[in-house]
Each structure stands twice: as structure tokens, then as C-alpha cells.
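A.B. asks: Sequential numbering of the sequence shown, starting at 6, is according to this note's numbering.
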Amino acid sequence: VYSMDMSQPFLMLTSRSEEVVARDELINLPRLAGLSSDEIVHVRMEADPFPSVNFDEYSGIILCGSPFDVAAPEDRKSQVQHDIERNLFALFDRLLDESFPFFGICYGLGLLAVHQGGRVGPEAAEEISAPQMTLTSAAAGDPLCEGVPDTFRAFVGHHEAVTAMPDSAVLIAQGPPIAPVQLIRVGESCWASQFHPELDHAGIDVRIREYADRGYYAPTERARIESETASADVSGAHLFLQNFARHFRRG
């Protein structure tokens with residue numbers, strides 16, 4: 006059981022080696038979550054030693070997206086990815102056992118789903134876009150869904166996604182048929198989304214530009230994708246991060 010006596014930051018775990026994307030993520034996630042810079046402790050897992058996480062020192066944990074693919078064959082994963090995933094699995098064991106607040110994004114969803122016995126595969130990939138999401142009946146009373154409209158749009162872009170939900174998970178928001186599992190909750194205090202609630206228009210523009218050759222969209226489709234994402238209202242998706250920060254901020 007963790008203490009709630011003092012004001013504590015959120016632990017932000019990232020694994021992007023691309024400096025432009027990493028810097029944008031560090032600036033914009035706290036801003037869109039309504040957190041100040043001193044309410045975030047940032048660890049770059051691909052470069053820094055994995056932290057020994059004392060839950061008494063944090064309000065919650067946010068695991069960001071990654072260029073890593075959870076479903077990649079084990080012999081194709083780098084040693085860095087193996088180490089990160091081993092450490093995250095151990096962290097999941099602890100935080101689920103203690104109901105410690107956690108929000109995973111994209112890679113965070115895939116890894117949590119596999120940890121819980123679900124499946125992830127490339128057949129559920131989505132190009133960079135802003136599809137419509139729909140809250141399920143399980144969203145009623147969920148603290149992260151406060152103020153979120155029944156339907157909302159959110160930015161996505163991923164090589165893989167959940168193809169079979171674990172039995173322990175509850176579906177909170179569903180997306181298009183190709184990738185219906187868009188937000189889940191496991192236990193009382195653990196959520197993970199396929200969509201990116203930490204991205205606004207400037208953020209998705211960075212991803213479109215920096216990941217142009219990484220298989221997230223066909224190069225010939227860039228102009229269309231830029232136009233479609235520019236016109237999308239994704240403000241509803243930002244509420245999930247804001248609600249997570251507001252609900253679990255302590256002190």
C-alpha cells in the first residue's frame with residue numbers, strides 16, 4: 006500500500022530515440038494533461054537505466070507510445086527492447102497488485118494486453134488518421150470518461166494493435182472495425198489506449214514528418230493525411246489524460 010501524504014509527480018516513461026519526437030512528447034503530454042513541468046519525472050527507457058519505482062514517490066505512471074512493436078518476433082527485438090519489456094512486465098505485476106494508477110498509450114496498450122494474456126497483431130494496424138471512437142456502456146461511472154462525449158475523434162497511427170482482449174480487461178472505448186479495441190481498463194486504476202490522447206495538431210504534424218519512412222502511412226498519401234488530420238477535432242481525446250491527472254494527482 007502506498008502513502009498519499011505528500012504532493013507527488015507523475016512518472017512518464019518513454020522509449021523514443023528520435024530526438025525531435027521525444028522532445029515534442031515531453032513538452033506536449035504534460036501540457037495536454039494539465040500538468041506543470043515539476044509534476045513530471047521523465048525517464049527515457051531506451052537510454053536511461055530503468056528506475057526502481059517507489060510508488061510512494063509518484064501520483065501515477067504514464068507509459069507512452071514507442072517505435073517498438075510488441076508483436077515483433079522475439080529474435081528480431083533488440084536487447085534494449087527485451088530489457089524494457091522485461092522491466093515493464095515486472096512493473097505491471099506490482100502496480101496491478103497494488104492498484105497503483107497507470108495510463109498506457111499505444112505501445113502501452115499492446116504490452117499491457119499481452120501481459121494479461123491478450124494478443125496483438127499487425128492485422129489491426131491503422132495509418133496515421135483521426136477515426137471516430139465510441140464509448141461503451143462500461144464507460145458509465147469511469148473517472149477517466151468524465152465530460153467525454155459518447156463519440157469523439159482521436160489520432161492513431163500504429164503497426165499493430167490488440168486483436169484479442171485479455172479476460173481481465175473491460176472495453177471502455179471502441180474504434181473502427183480494423184482496430185476496435187481503443188481503450189481498456191484492467192482492475193480499478195489501470196487504463197491503456199490505442200489512440201493518442203497526448204497529441205494535438207502540432208503533435209501529429211511532427212509524427213507525420215518524422216515518421217515519413219517508418220511504415221505508418223504510404224508516402225503517396227501524405228497530402229491527404231495532412232489534410233484529414235488538420236480538420237479533425239480531437240479535443241475530446243485529451244480529456245482522458247486530463248481526467249487521469251486530476252483524479253490521481255495527490256498532495
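Cβ coordinates follow ideal geometry from the N, Cα and C atoms, glycine included.
Leaving out five residues before and five after Ile209 in sequence, what residues of the same chain have Cβ atoms less than 6 Å from its Cβ?
C.D. replies: Cβ within range, chain order: Phe160, Thr234.
A.B. asks: What separation, rounded to the nearest whole angstrom, lies between the Cα atoms of Arg21 and Asp172?
C.D. replies: Cα to Cα, the separation comes out at about 30 Å.
A.B. asks: Do you know offhand how far Phe253's Cα is from Cys195's?
C.D. replies: Answer to the nearest angstrom: the Cα atoms are 11 Å apart.
A.B. asks: Report yes if the CB atom of Arg255 is closer than 8 Å to the CB atom of Gln13, and no otherwise.
C.D. replies: Contact flag set, yes.
A.B. asks: Using three-state DSSP, classify Arg270 as helix, strand or coil.
C.D. replies: Outside the shown range of the chain (6 to 256) lies residue 270, about which nothing can therefore be said.
A.B. asks: Does the stretch 15–33 touch the stretch 74–84, meaning 3 or more C-beta pairs lie closer than 8 Å?
C.D. replies: Not touching, per the Cβ criterion.
A.B. asks: Could you give the residue range of the alpha helix (DSSP H) that holds Ala242?
C.D. replies: Where Ala242 is concerned, the enclosing alpha helix (DSSP H) stretches over 240–253.
A.B. asks: Compute the Euclidean distance between the alpha carbons of Leu116 and Val75, then round it to the nearest angstrom.
C.D. replies: Between Leu116 and Val75, the C-alpha separation is close to 6 Å.
A.B. asks: Identify every residue that forms a DSSP beta bridge with Thr156.
C.D. replies: Its beta-bridge partners are Thr139.
A.B. asks: I'd like the ranges of any beta strand (DSSP E) spanning at least 3 consecutive residues and lying wholly in the stretch 62–126.
C.D. replies: As far as the stretch 62–126 is concerned, its whole beta strand (DSSP E) runs of at least 3 residues are 65–68, 107–110, 124–126.
A.B. asks: If you measure between the beta carbons of Leu149 and Phe245, is that distance less than 8 Å?
C.D. replies: In this structure, Phe245 lies closer than 8 Å to Leu149 by Cβ.
A.B. asks: In the DSSP output, which residue or residues are listed as bridge partners for Cys195?
C.D. replies: Phe107, Val191, per the DSSP bridge assignment.
A.B. asks: By Cβ distance below 6 Å, which residues in the same chain neighbour Ala174 in space, the five residues on each side in sequence not counted?
C.D. replies: Hits under 6 Å: Ile189, Val191.
A.B. asks: Report the three-state DSSP secondary structure of Ile183 (helix, strand or coil).
C.D. replies: Coil.
A.B. asks: Buried or exposed: where does Asp10 fall if 16 or more other Cβ atoms within 10 Å of its Cβ makes it buried?
C.D. replies: Here the model assigns Asp10 a pLDDT of 45, short of 50, so the residue's position is not dependable, and the following value carries that caveat. Asp10 is exposed by the Cβ-count criterion.
A.B. asks: Tell whether a beta-carbon distance below 8 Å holds between Ala223 and Glu165.
C.D. replies: Against a cut-off of 8 Å, the Cβ pair of Glu165 and Ala223 comes out as no contact.
A.B. asks: Report yes if the CB atom of Leu16 is closer than 8 Å to the CB atom of Met50, and no otherwise.
C.D. replies: Going by C-beta atoms, Leu16 is not nearer than 8 Å to Met50.
A.B. asks: Excluding the 5 residues preceding and the 5 following Gly152 in the sequence, name in chain order all residues of the same chain whose CB lies nearer than 6 Å to its CB.
C.D. replies: Result list for Gly152: Leu244, in chain order.
A.B. asks: Within the continuous alpha helix (DSSP H) that includes Val58, where are the two ends?
C.D. replies: Val58 -> no alpha helix (DSSP H), and no H or E assigned at all.
A.B. asks: Looking only at C-alpha atoms, which of Gly146, Glu193, Leu176, Pro181 sits nearest to Glu103?
C.D. replies: Of Gly146, Glu193, Leu176, Pro181, the residue nearest in Cα terms is Glu193.
A.B. asks: Quick one, are the C-beta atoms of Val167 and Leu100 less than 8 Å apart?
C.D. replies: Contact: no.
A.B. asks: Could you spell out the range, first to last residue, of the alpha helix (DSSP H) harbouring Arg1?
C.D. replies: The structure shown does not extend to residue 1, since the chain is modelled only from 6 through 256, so no value can be given for it.
A.B. asks: CB-CB under 6 Å to Thr156, same chain, minus the five flanking residues each way: which ones, in chain order?
C.D. replies: Closer than 6 Å at Cβ, skipping near neighbours: Gln137, Thr139.
A.B. asks: Below 8 Å on the Cβ atoms is my guess for Val239 versus Ala135; work out the distance and round it to an integer in Å.
C.D. replies: Sure, about 6 Å apart at Cβ, within 8 Å.
A.B. asks: Suppose contacts are defined by Cβ-Cβ distances below 8 Å. Is Gln199 in contact with His163 by that definition?
C.D. replies: Yes, the Cβ-Cβ distance between Gln199 and His163 is below 8 Å.
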